[in-house]
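Single-structure report; data block below.
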Amino acid sequence: MINGDYELIYNSFSPDFKSQISLKDLAEMGAGYTTDVKSFQQHHEFKLNGANVITWIDPSGLKAISALFGENDSITGMLMQPLTPATETDNKLSKLEYSLPFKGDWFVFWGGNNVLANYHYAHESQRYAYDFVQEKDGLSYEGDPTKNDSYFAFGQEVHAPADGTVVSVVNDIVDNEPVGVMNEKEPFGNVIVIDHGGEYSVLAHLKKDSVSVKPGDVVKRGQLVAQLGNSGNSSEAHMHFQVNDGKDLNSSKSINVQWKGIKSPVRGETVSN
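Heads up, the working numbering is the position in the sequence shown plus 4, with the first residue counted as 1.
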């Protein structure tokens, strides 16, 4: 785009997308947006359940372009997104190293230090949260997509990410079904909060009645503590994980996670434990 190849890009648009924007509009917006940009580099690619999104970011980390691809690699949507990095907290990792709170291979649905890789980033209390799902052959489910049991993540074991003491538990919220209907009144759903000596890990959207620990229990890294569910403000079964500087999830701030044995994962990647 920085080379002015707007006609070439526009010819890759799907017919429906072309009906929403003209070549002239694309060229004007693109020229204005990229005035001070020398290059873009691919930051991440996300492929799941038929969605294919590629995001590029300029070297300054202040401007991004994201494109949604459809059939025959046609572009069905595009977003030019200025970024506002929280540089101070981005570079300040948790004091403790945390293990992934599950076993096996998991797909990073949301994760990273910008709003296009991680929608949580816009909210200080969840800025460095992650959402993980399980996928097989590019899908997170098999069978009826309205049923929780169709999702590979549903019912999977959840493990303590480090040694600590359980400070709060919710275990009685019904898992959302049909899948896609969310419970906004209880954002985290069934949840465990663990104190790791002033840092608090959060394991959310757990399966109803699956939590096996209670406040005051001392847990060890890797200990089984629950099963994964689809409770709370959740669109499908997934593991929501974050670390905060306090146990009150509304008033505390999210901390950038220092992971044990792996680099910080980004949306679209697969992590293993």
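Note that beta-carbon positions come from the ideal geometry of N, C-alpha and C, so glycine has one too.
- Spanning the alpha carbons of A157 and V275 requires a straight line of approximately 14 Å.
- Of the other Cβ atoms in all chains shown, 16 or more fall within 10 Å of the Cβ of P269; this residue is therefore buried.
- In the displayed model, H163 falls within a strand according to three-state DSSP.
- Per DSSP, P86 is one residue of the beta strand (DSSP E) stretching across I79 to P86.
- Residue range T91 to D94 is occupied by the alpha helix (DSSP H) that includes D94.
- Here V217 is buried. Its C-beta has 16 or more other C-beta atoms within 10 Å.
- In this structure I61 is buried. Its beta-carbon is surrounded by 16 or more other beta-carbon atoms within 10 angstroms.
- Here G184 carries a coil assignment [DSSP, helix/strand/coil].
- If you check the CB distance, A35 and G8 come in under 9 Å.
- Here DSSP, grouped into helix, strand and coil, assigns A55 to strand.
- N194 is positioned such that its CB atom lies no closer than 9 Å to that of D221.
- The three-state secondary structure of I13, taken from DSSP, is helix.
- Going by DSSP, F113 is part of the beta strand (DSSP E) stretching over D109 to W114.
- Only residues of its own chain outside the window of five on either side were considered, and among them W114, Q130, R131 and A133 have a CB closer than 7 Å to the CB of H124, listed in chain order.
- Between K67 and M82, the gap from beta carbon to beta carbon reaches 9 Å or more.
- Where M33 is concerned, the enclosing alpha helix (DSSP H) starts and stops at L27 to Y37.
- E190 and N237 have their C-alpha atoms some 7 Å from each other.
- The Cβ-Cβ distance between F136 and I79 does not fall below 9 Å.
- Shown here, D135 sits in a strand according to DSSP, grouped into three states.
- Straight across, the Cα-Cα distance linking K28 with I69 is about 18 Å.
- With a cut-off of 8 Å on Cβ pairs, the stretch 246-264 is in contact with the stretch 88-97, counting three or more such pairs.
- Residue range P19 to K22 is occupied by the alpha helix (DSSP H) that includes D20, with no beta strand (DSSP E) assigned at that position.
- Residue environment: Q45 is assigned as exposed (fewer than 16 neighbouring CB atoms within 10 Å of its CB, all protein chains considered).
- A distance below 6 Å between beta-carbons, with the five flanking residues on each side excluded, links H48 to the following residues of its chain, in chain order: T59, A121, V270, R271 and G272.
- Beta-bridge partners assigned by DSSP to Y155: Y145.
- Listed in chain order, the non-local C-beta contacts of F73 below 8 Å within the same chain comprise N56, V57, I58, I79 and T80, local neighbours out to five positions each way being set aside.
- Distance from the CA of L207 to the CA of V197, rounded to the nearest whole angstrom, comes to 7 Å.
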